[in-house]
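In my numbering, the protein residues as written are 456 to 744.
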């Protein structure tokens, strides 16, 4: 089945309770009318994609600059995550699956210069109807070229994956409290190992994690699926020391493309999400109302 869609009113009610316990007001950063509009549009998009799944793309002829809600109608593939079907951009899925298979351990990941001619050829293939790259075998390409292809797609998306109406609440209620705690600790300059704060953070961040999950569930289905798939991948990258990448590096490279908002805040937001993805992803696709 397609990843479940919980009604936005249910999510807002849960979020209101979480925030109230922390002394925050949901109306400070969320307008229910904006969320309603997002929900109505997404329900319509889901129905349309289900209805048109077998049709061949006839109108749009590009992927790299098209909104996700449009391009997934004619240039998507299906992946099973958490027991549910997710529609993902072909180019995104092909690149990440190949990097999982062979490239995640490579030194200088996302930093090496690609083969220019192959990069251009692949861009054209994945951006051209009717196949949009679905016939391409990336296992013959270099890791640097695959990384460049993925980076080019992400940096040319029509909009960030996190919808703009959700950026401020996600920053204010989920990420900023952790950033401020870290800044206060640095200012105190206490000579203790950072992991001494782990237990404290687990307790303090419980409400932040709960709020983050609810906000992410408010995302349109297509954006939700892409964000979950991307974060699951980027979480694995820093686990391979050979590639020289940290969560902060991923944030600098792709935070803005994924989360939008300001460059500084999106970088911090990406690192925050990746470091806590195990907790954030736990129950994120639950169908319970």
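Note that the Cβ used here is the ideal one computed from N, Cα and C, for glycine as well.
Item	Value
Could you name the residues of the same chain whose beta carbon sits closer than 6 Å to that of residue 599, not counting the 5 residues immediately before and after it, in chain order?	567 and 569
In angstroms with no decimal places, state the Cα-to-Cα distance between residue 702 and residue 688.	12 Å
Can you give the Cα-Cα distance for residue 581 and residue 625, rounded to whole angstroms?	32 Å
Can you give me the C-alpha to C-alpha distance between residue 405 and residue 497, rounded to a whole angstrom?	The first residue shown for the chain is 456 and the last is 744, placing residue 405 beyond what the model contains.
If you draw a straight line from the C-alpha of residue 744 to the C-alpha of residue 662, how long is it?	Since pLDDT at residue 744 reaches only 49, below the 50 mark, its modelled position is unreliable, and the value read off the structure follows with that caveat. Distance between the alpha carbons of residue 744 and residue 662: 19 Å.
Exposed or buried, what is residue 547 when buried is set at 16 or more other beta-carbons lying within 10 Å of its beta-carbon?	buried
May I ask you to list the residues that DSSP assigns as paired with residue 544?	531
Counting Cβ pairs, one atom from each stretch, are 3 or more of them under 8 Å apart for the stretch 594-608 and the stretch 550-567?	yes
Quick test of the definition: if touching needs 3 or more C-beta pairs under 8 Å, does the stretch 710-717 touch the stretch 614-623?	yes
Go to residue 585, then tell me how far its alpha helix (DSSP H) extends in each direction, as first and last residue.	That residue, residue 585, is in no alpha helix (DSSP H); it is neither H nor E in DSSP.
Per DSSP, residue 536 forms a beta bridge with which residues?	539
Assess contact between the stretch 622-640 and the stretch 722-732, defined as three or more Cβ pairs (one per stretch) separated by less than 8 Å. Is contact present?	yes
Measure the Cβ-Cβ separation of residue 739 and residue 673 and say whether it is below 8 Å.	no
Can you confirm whether the stretch 575-589 touches the stretch 529-544 when touching is taken to mean that 3 or more C-beta pairs between the two stretches lie within less than 8 Å?	yes
Looking at the unbroken alpha helix (DSSP H) that takes in residue 639, where does it start and where does it end?	631-643
Within the same chain, show all residues whose beta-carbon is closer than 7 Å to that of residue 574, passing over the 5 residues directly before and after it, in chain order.	600, 603 and 604
Going by Cα to Cα distance, which pick from 735, 686, 559 and 637 is closest to residue 696?	559
Helix, strand or coil for residue 554, going by three-state DSSP, please let me know.	helix
What is the rounded straight-line gap between the Cα of residue 521 and the Cα of residue 666?	30 Å
Quick one: what does DSSP say residue 744 is sitting in, helix, strand or coil?	Low local confidence applies: a pLDDT of 49 at residue 744 is under 50, so the model's placement there is unreliable, and no value is given.
Does the distance from the C-beta atom of residue 627 to that of residue 484 stay below 8 Å?	yes
Please classify residue 723 as buried or exposed, where buried requires at least 16 other C-beta atoms within 10 Å of its C-beta.	buried
Tell me whether residue 468 sits in a helix, a strand or coil according to DSSP, three-state version.	helix
Under three-state DSSP, which class holds residue 593?	helix
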